[in-house]
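A.B. asks:
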Ligand code: KG4
Ligand code: ZN
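In this note's numbering, the protein residues as written are 396 to 737.
#1: Going by the C-beta, is residue 671 closer than 8 angstroms to any heavy atom of the ligand ZN?
#2: Could you check what DSSP says for residue 424 in three-state terms: helix, strand or coil?
#3: Report, in whole angstroms, the separation of the C-beta atoms of residue 474 and residue 411, which I expect to be a contact under 8 angstroms.
#4: From 569, 614, 413, 606, pick the residue whose C-alpha is nearest to that of residue 469; which is it?
#5: Is the beta carbon of residue 556 within less than 8 angstroms of some heavy atom of the ligand ZN?
#6: Hey, is residue 565 close to the ligand KG4, as in C-beta under 8 angstroms from one of its heavy atoms?
#7: Measure from the alpha carbon of residue 478 to the alpha carbon of each residue in 718, 713, 721, 679, then state which is nearest.
#8: For residue 674, which three-state DSSP category applies?
#9: Taking its Cβ as the centre, do 16 or more other Cβ atoms sit within 10 Å of residue 403, making it buried, or is it exposed?
#10: If contact is defined by three or more beta carbon pairs under 8 angstroms, each pair taking one atom from either stretch, is the stretch 496 to 506 in contact with the stretch 720 to 735?
#11: The ligand ZN and residue 703: does any heavy atom of the ligand fall closer than 8 angstroms to the residue's C-beta?
#12: Based on the DSSP secondary-structure assignment, which residues constitute the bridge partners of residue 732?
#13: Consider the C-beta atom of residue 509 and the heavy atoms of the ligand KG4; say whether any pair is separated by less than 8 angstroms.
#14: Considering only heavy atoms of the ligand KG4, does any lie closer than 8 angstroms to the CB of residue 471?
#15: Over what stretch of residues does the beta strand (DSSP E) that includes residue 619 continue unbroken?
#16: Nearest to residue 515 by CA position, among 704, 502, 606, 620, is which residue?
#17: Using 8 angstroms as the threshold, is the stretch 448 to 460 in touch with the stretch 480 to 500, meaning 3 or more CB pairs across them?
#18: Within a Cβ cutoff of 8 angstroms, which residues of the same chain sit near residue 428, ignoring the five residues on either side of it in sequence?
#19: With a threshold of 8 angstroms (Cβ to nearest heavy atom), would residue 646 be considered close to the ligand KG4?
#20: Here's the rule I'm using: 16 or more other beta-carbon atoms within 10 Å means buried, otherwise exposed. How should residue 732 be labelled?
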């Protein structure tokens, strides 16, 4: 019954989680603590790396103490310590990884360096007995990645974004439209009263063979729509903001869905898993749900609290790696550009 404590500090959330897993069966989240820095970065319209790392150092120790207190687990009962080792901001990754290594060294327990993207990818399965063969779509602020997953620990990259990540496109378009950071939830909210067919925005690379994505053309199309209509300011009017949001959101959903379905059909997998911050989007979830039901494909979605950055998903990836007998040396480096699969 291993117990893992994991730290996530790759970007603007400081998070600590403690998970336990029986030899077989689902993991139990004993604690999952998060200190969000969103408000701190909002005034700057995006993440400021120096602010992020300073805040990780301030909040990490109290969060570890809070996680131990909430879980009722003593530090000496932890079987392994894990941290996100990349991808992410170097100065932020260092805080979490160094802390987890120090705890592992002091407790004479193994350390596990975990890829942030593996955490996202596995997040829909935290409450499951096992990870089935599936097609995985990770859609977050920094990444858009389509993978074939024969089993946990084995990841084959099918495609990724050639420019902006899906979440990044949401954030940048929201900024253009005068909506606050992070843009995804704002666009979703505004899109609710809009007509998704009002603007015919491009579905880049949707019909092309292969599984790569591109969102910069879509972003530019929104920009041109704004400036064509109002060369002076380019700001949307109150009335058409919902239509712009709904049409943009639909264009992103159409491309993500088409490519993921094509990948699933090609692989023969009967399961698709969606993860990452953008997978919180209700319109996206509904579109995938509908399409999967029609094709009798099982759709795996993570709990809302596991979609955006959190440490429970890192602890879960670490539990599975620990069960496979893996551990990482204490001098293993962080890597801001760490890849999940080539
Ligand atoms: O996974 P995440 O927390 O961080 C990264 O690892 O990047 O994802 C954050 C991203 C942001 O770009 C945010 O705008 C987007 O997820 N996001 C959404 C929604 N909620 C968060 N995008 C679309 N619709 C949402 N409801
Ligand atoms: Zn993330």
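No residue lacks a Cβ here, since even glycine has one placed at the ideal position from N, Cα and C. Note that the structure is a prediction, hence the values are computed from the model and not measured.
C.D. replies: On the basis of the data shown:
#1: yes
#2: strand
#3: Wrong, their Cβ atoms sit about 16 angstroms apart, outside the cutoff.
#4: 413
#5: no
#6: yes
#7: 713
#8: helix
#9: buried
#10: yes
#11: yes
#12: Beta-bridge pairing links residue 732 to no other residue.
#13: no
#14: no
#15: It is not in any beta strand (DSSP E) - residue 619 instead sits in the alpha helix (DSSP H) that spans 611 to 624.
#16: 704
#17: yes
#18: 410, 411, 412, 458, 461, 462, 465, 706
#19: no
#20: exposed
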